[in-house]
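Colleague:
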Amino acid sequence: MFTLYRFLLHFYPMAYRGCFSDEMAAVFQEVQLEAAKKGLAAQFRFFVRETTGLLLGALQEHLREFPMRRFAMRTEFRFPKSTAVLMMIILAGVVLAIDKGKAIQASLPAVNPSIGPIQPAQHTFLPVIAIVFLFFYAAGLIGWAILFALHRSGTHRLAELASEQK
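Per my numbering, the sequence shown starts with residue 2, numbered consecutively.
#1: Please identify the residue among VAL32, ARG65, TYR138, GLY40 whose C-alpha is closest to the C-alpha of PRO14.
#2: The alpha helix (DSSP H) with ILE105 in it runs from where to where?
#3: Using CA coordinates, which residue listed in MET25, ARG50, GLU24 is at the minimum distance from ALA36?
#4: Counting Cβ pairs closer than 8 Å, one from the stretch 50-63 and one from the stretch 90-100, do we hit at least three?
#5: Helix or strand or just coil, what does DSSP make of GLY58?
#6: What does the alpha-carbon distance come out to for the pair LEU60 and PHE8?
#7: Is it the case that the Cβ atoms of ASP100 and PHE134 are separated by a distance below 7 Å?
#8: Is it right to say LEU10 is buried, meaning 16 or more other beta carbons lie within 10 angstroms of its own, or is it exposed?
#9: Under DSSP, the alpha helix (DSSP H) around ILE132 begins and ends at which residues?
#10: Determine, using beta carbons only, whether MET88 and PHE48 come nearer to each other than 7 Å.
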């Protein structure tokens, strides 16, 4: 049975197999010895469970390496947290430039020959962006303060609930 398990490990990708195959085989041998002490039915259930688990795990690892997978974002491809702030600053700059361009266009007369002085624009967009940014910053700060005051998250509560049910 162990020889068949070692053969089935070849279904895993080579990089995964290189890192984990020895450890998986060692754990398999240990659990196989424990199942052998429990009888033939326990050995059969163990073999079926381990074989299906190994084949499903190999399939998952191959799908994880598949290059066209778009649904699960791996951690090494995420943007830094400062990216959102920088993108908001760039967006605000673009919107202000558009607003300034509209003000210049509105200050020009409809006739082409004479161009007078360009009137300064009254910008109301920047204060609105600042207020919205401060609002969301304050909301995040309040959320963080609540979680900090509770010293635990929903995950901790679920773990406590699971331990109470056992």
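Note that CB positions come from ideal geometry on N, CA and C, so glycine has one too.
Modeller: A quick look at the data gives this:
#1: The candidate whose alpha carbon is nearest that of PRO14 is ARG65.
#2: 83-108
#3: ARG50
#4: no
#5: helix
#6: 15 Å
#7: With contacts defined as CB atoms closer than 7 Å, ASP100 and PHE134 fail to qualify as a contacting pair.
#8: buried
#9: That run of the alpha helix (DSSP H) goes 126-151.
#10: no
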